[in-house]
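Enquirer: Residue numbers (this note's numbering), protein chains in the order written: chain G, 74 to 376; chain C, 7 to 183.
Heads up, the beta-carbon is just placed ideally off N, CA and C, and yes, glycines get one too.
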Amino acid sequence: MLLLALVAVAGFLAGHHRTPPPLNSEPTREASSAAVVLEYPARSGWRSVKQAPGVPGLRITQPVILAPGGDSQRAGLVAGRLVADGRYLLPQALLARLAAPPAATVVHLDNMQAYRYALPGAAGSGTAVTLFAIPNPYPSITVLLCYAPADGSWQMRTCESIAGLARTTATLEAGENDLVPSGTYAHQVAGVMARVDALRASSRARLRGALGGGADAHLIAGLAGGLSQAGASLGAAQAPPSAEWAQTQMLQAIAAMHASYVALGSAVEEESQPAYSSALAAVGRAEGAMNRALVNLALIGYS
Amino acid sequence: MSTPLPFERLVSRTRWRVESSGTLTFVALLVCAGLVFFVSFEVGGMVAAAGEGGQSGQLQPPHARLGPAAAGIPHQLTAVAPLAAALAVEAHAPRSSPEGGSAASRSSGASGATATATSGEEAGATAAPSGSASLPAATPPPVSTPAPTPAPPASTPQHASSGGEGHSGGGSFDSSG
Numbered sequence: 074m075l076l077l078a079l080v081a082v083a084g085f086l087a088g089h090h091r092t093p094p095p096l097n098s099e100p101t102r103e104a105s106s107a108a109v110v111l112e113y114p115a116r117s118g119w120r121s122v123k124q125a126p127g128v129p130g131l132r133i134t135q136p137v138i139l140a141p142g143g144d145s146q147r148a149g150l151v152a153g154r155l156v157a158d159g160r161y162l163l164p165q166a167l168l169a170r171l172a173a174p175p176a177a178t179v180v181h182l183d184n185m186q187a188y189r190y191a192l193p194g195a196a197g198s199g200t201a202v203t204l205f206a207i208p209n210p211y212p213s214i215t216v217l218l219c220y221a222p223a224d225g226s227w228q229m230r231t232c233e234s235i236a237g238l239a240r241t242t243a244t245l246e247a248g249e250n251d252l253v254p255s256g257t258y259a260h261q262v263a264g265v266m267a268r269v270d271a272l273r274a275s276s277r278a279r280l281r282g283a284l285g286g287g288a289d290a291h292l293i294a295g296l297a298g299g300l301s302q303a304g305a306s307l308g309a310a311q312a313p314p315s316a317e318w319a320q321t322q323m324l325q326a327i328a329a330m331h332a333s334y335v336a337l338g339s340a341v342e343e344e345s346q347p348a349y350s351s352a353l354a355a356v357g358r359a360e361g362a363m364n365r366a367l368v369n370l371a372l373i374g375y376s
Numbered sequence: 007m008s009t010p011l012p013f014e015r016l017v018s019r020t021r022w023r024v025e026s027s028g029t030l031t032f033v034a035l036l037v038c039a040g041l042v043f044f045v046s047f048e049v050g051g052m053v054a055a056a057g058e059g060g061q062s063g064q065l066q067p068p069h070a071r072l073g074p075a076a077a078g079i080p081h082q083l084t085a086v087a088p089l090a091a092a093l094a095v096e097a098h099a100p101r102s103s104p105e106g107g108s109a110a111s112r113s114s115g116a117s118g119a120t121a122t123a124t125s126g127e128e129a130g131a132t133a134a135p136s137g138s139a140s141l142p143a144a145t146p147p148p149v150s151t152p153a154p155t156p157a158p159p160a161s162t163p164q165h166a167s168s169g170g171e172g173h174s175g176g177g178s179f180d181s182s183g
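As structure tokens, this is what we get:
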């Protein structure tokens, strides 16, 4: 009995430390496009198909499409390049269908990191959608879209498993694909944005209905000065490579906000209606640009 | 009547039986040990695989997300009351209370400018008045929700409503490359 017990222990230890079989030890299939290579187990039963139902607002070019049993009506995987609109990481038409920017989670795929978004309602009720986005780097974006009847369904699990083995064809420099948000940078941005928001809210509340006086010009000058300081603080923040483009967007927006409020103050002081109108429009544009930058920050995990 | 076995033959046969029985026991032990080893080996492998967080081919667990201390970046600037669309003349400018007090009491000839939310770029772009200086229109008290933008899509949120390039909203997977 002692001998058998020893054999059992030896067997357990040997099994525990054995090298796992390589992924390609089982028969696989491969499907690829210019953007991505999908190598997936043949036993999954998923097959390459030509067409899949679209998700409104999401246009994927050069797609490779897989579906369980070759039927893409209810579930499938679409991988390819995203047609970005140049202003948001994800298309504006897609974001407009969501109540808020989707929360981003960073995951590892085969040779890259990706942002993972759950997009409830993006394809209507009864269809769960998960999107993986890989900026390589922005604005070139590779995406993998999984859709299935429900989040926990076997189709969604299989799709995410296949996505987990995807390889991008893009050549990424070191650090370009490190998508994990930086806590330090997030803390700095949060501080700057809290200051900007508080300053803007208090100044704008006092400006309401009180234009035309020297006191109001002074208020606007104070707001512009505060924005200038906030811009300097933001410029000093060290953005990680994955957030550099969003950081640039924010810096440009805050500079535009500063310039437009300076122009607004001058117009008030000079009592120039055309200059005032022009500055007011510029304020709107600058604040819209800041809102877009904040959405993009949320889409890369800073929220 | 069978003849009794000679003593030597009896000893020899007994020895063979004893040896044969020992061999069988040994073989049985070997088989048992093999089975035990195999089962233990597989169990060990399964325990190891479970410890690694799933079978190969599954998505790797995500990175740790930002902690609560790093959160707090807003999705958009706080909505504020719009600025007056037209420049007021200081000598006649009424002072509105923050609670949304007095309305404009006098106009200097403009047709009446419409105050519009300026938190979005298109709002600012549409706020330009057509006439000369006028008193600021009475503005609503500060609101916590964005003002409506011109003819947005049915469920368009503020964060993605700027621009207005007229996306059709139709998704497609363009296999033409």
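For the candidate residues G/G197, G/I207 and G/D183, whose alpha-carbon lies nearest to that of G/Y190?
Expert: It is G/I207.
Enquirer: Taking the alpha carbon of G/R132 as the point to measure from, which residue in G/T215, G/E344 and G/A352 has its own alpha carbon closest?
Expert: That would be G/T215, whose Cα lies nearest to the Cα of G/R132.
Enquirer: Using 7 Å as the threshold, is the C-beta distance between G/R279 and G/L292 below it?
Expert: Yes.
Enquirer: Quick one: residues in its chain with C-beta nearer than 7 Å to the C-beta of G/Y258, no 5 flanking neighbours on either side, listed in chain order?
Expert: Closer than 7 Å at Cβ, skipping near neighbours: A310, Q311, A312, P313 and A316.
Enquirer: Report yes if the C-beta distance between G/V120 and G/N184 is below 7 Å; otherwise report no.
Expert: At residue 120 of chain G the sequence reads Arg, which differs from the Val that was named. Taking 7 Å as the Cβ cut-off, G/R120 and G/N184 do not qualify as a contacting pair.
Enquirer: Hey, G/P141 and G/T231 are a contact pair by Cβ (cut 8 Å); roughly how many whole angstroms apart?
Expert: The Cβ separation is near 7 Å, so the contact holds.
Enquirer: Report buried or exposed for C/L35, applying the criterion of at least 16 other Cβ atoms within 10 angstroms of its Cβ.
Expert: Counting Cβ neighbours within 10 Å, C/L35 comes out exposed, since fewer than 16 surround it.
Enquirer: So, is C/R19 buried or exposed, given that buried needs 16 or more other C-beta atoms within 10 angstroms?
Expert: Exposed, because fewer than 16 other Cβ atoms sit within 10 Å of the Cβ of C/R19.
Enquirer: Three-state secondary structure (DSSP) at C/V33?
Expert: C/V33 falls in the helix class under three-state DSSP.
Enquirer: When we look at the beta-carbon of C/S140 and count the other beta-carbons within 10 Å, is it buried (16 or more) or exposed?
Expert: With a pLDDT of only 32 at C/S140, under 50, the local geometry of the prediction cannot be trusted, and no value is derived from it.
Enquirer: Just how far apart, CA to CA, sit C/F184 and G/G153?
Expert: For residue 184 of chain C there is no data in the structure shown, the boundaries of chain C being 7 and 183.
Enquirer: For G/T101, which of G/A107, G/E112 and G/A108 has the nearest alpha-carbon?
Expert: That would be G/E112, whose Cα lies nearest to the Cα of G/T101.
Enquirer: Closest Cβ-Cβ distance between C/A39 and chain G: below 7 Å?
Expert: So, interface residue.
Enquirer: Could you tell me the alpha carbon to alpha carbon distance between G/A267 and G/Y334, rounded to whole angstroms?
Expert: C-alpha separation (whole angstroms): 18 Å.
Enquirer: Quick one: Cα of G/M458 to Cα of G/A223, how far?
Expert: Outside the displayed span of chain G (74 to 376) sits residue 458 of chain G, for which this structure offers no information.
Enquirer: Are at least three pairs of beta-carbons, each pair with one atom in the region 148 to 163 of chain G and one in the region 350 to 370 of chain G, less than 8 Å apart?
Expert: At 8 Å Cβ cutoff, the stretches touch.
Enquirer: Mark G/Q322 as exposed unless 16 or more other C-beta atoms lie within 10 angstroms of its C-beta, in which case mark it buried.
Expert: Flag for G/Q322 reads buried.
Enquirer: Can you tell me whether G/Q228 is buried or exposed? The criterion is at least 16 other CB atoms within 10 Å of its CB, across all chains shown.
Expert: G/Q228 is buried by the Cβ-count criterion.
Enquirer: Can you list the beta strand (DSSP E) stretches of 3 or more residues lying completely in the region 119 to 192 of chain G, in chain order?
Expert: The qualifying runs are 119 to 122, 132 to 141, 149 to 155, 178 to 181 and 186 to 191.
Enquirer: Assuming G/T244 contacts G/V109 (C-beta within less than 8 Å), just tell me the rounded distance between them.
Expert: So it is not a contact: roughly 14 Å between Cβ atoms.
Enquirer: Compute the Euclidean distance between the alpha carbons of G/M74 and G/R116, then round it to the nearest angstrom.
Expert: The straight-line gap from Cα to Cα measures roughly 42 Å.
Enquirer: Any idea what DSSP makes of G/S306, helix, strand or coil?
Expert: Here G/S306 sits in helix by DSSP.
Enquirer: With burial defined as no fewer than 16 other Cβ atoms inside 10 Å of the residue's Cβ, what is the status of C/T31: buried or exposed?
Expert: That one is exposed.
Enquirer: Could you tell me whether the Cβ atoms of G/S106 and G/Q124 are closer together than 7 Å?
Expert: Their beta carbons are not under 7 Å apart, which means G/S106 does not touch G/Q124 by this criterion.
Enquirer: From the beta carbon of G/A274, is the nearest beta carbon of chain C less than 7 Å away?
Expert: Closer than 7 Å to some Cβ of chain C, the Cβ of G/A274 qualifies, so yes.
Enquirer: How many Å lie between C/Q82 and G/N369 at the Cα?
Expert: Cα to Cα, the separation comes out at about 10 Å.
Enquirer: According to DSSP, simplified to helix, strand and coil, what is G/L280?
Expert: Residue state, collapsed to three classes: helix.
Enquirer: In the structure shown, what three-state DSSP assignment does G/L204 receive?
Expert: Residue state, collapsed to three classes: strand.
Enquirer: Leaving out five residues before and five after G/L167 in sequence, what residues of the same chain have Cβ atoms less than 7 Å from its Cβ?
Expert: The residues are G130, L131 and A195.
Enquirer: Are the CB atoms of G/L192 and G/L204 within a distance shorter than 7 Å?
Expert: Yes, the pair counts as a contact, with Cβ atoms nearer than the cut-off.
Enquirer: Return helix, strand or coil for G/I235, following the three-state DSSP convention.
Expert: Residue state, collapsed to three classes: helix.
Enquirer: Taking C-beta pairs closer than 8 Å, name the residues in chain C that G/R277 reaches, listed in chain order.
Expert: In chain order: V86, A87 and L89.
Enquirer: Closest to G/S306 by CA distance: which of G/V262, G/E233 and G/L238 is it?
Expert: When only C-alpha atoms are compared, the closest one is G/V262.
Enquirer: How many whole angstroms separate the CB atoms of G/D251 and G/Q320, which I take to be in contact at a CB cut-off of 8 Å?
Expert: In fact, because the Cβ distance is near 15 Å, the residues do not count as touching under 8 Å.
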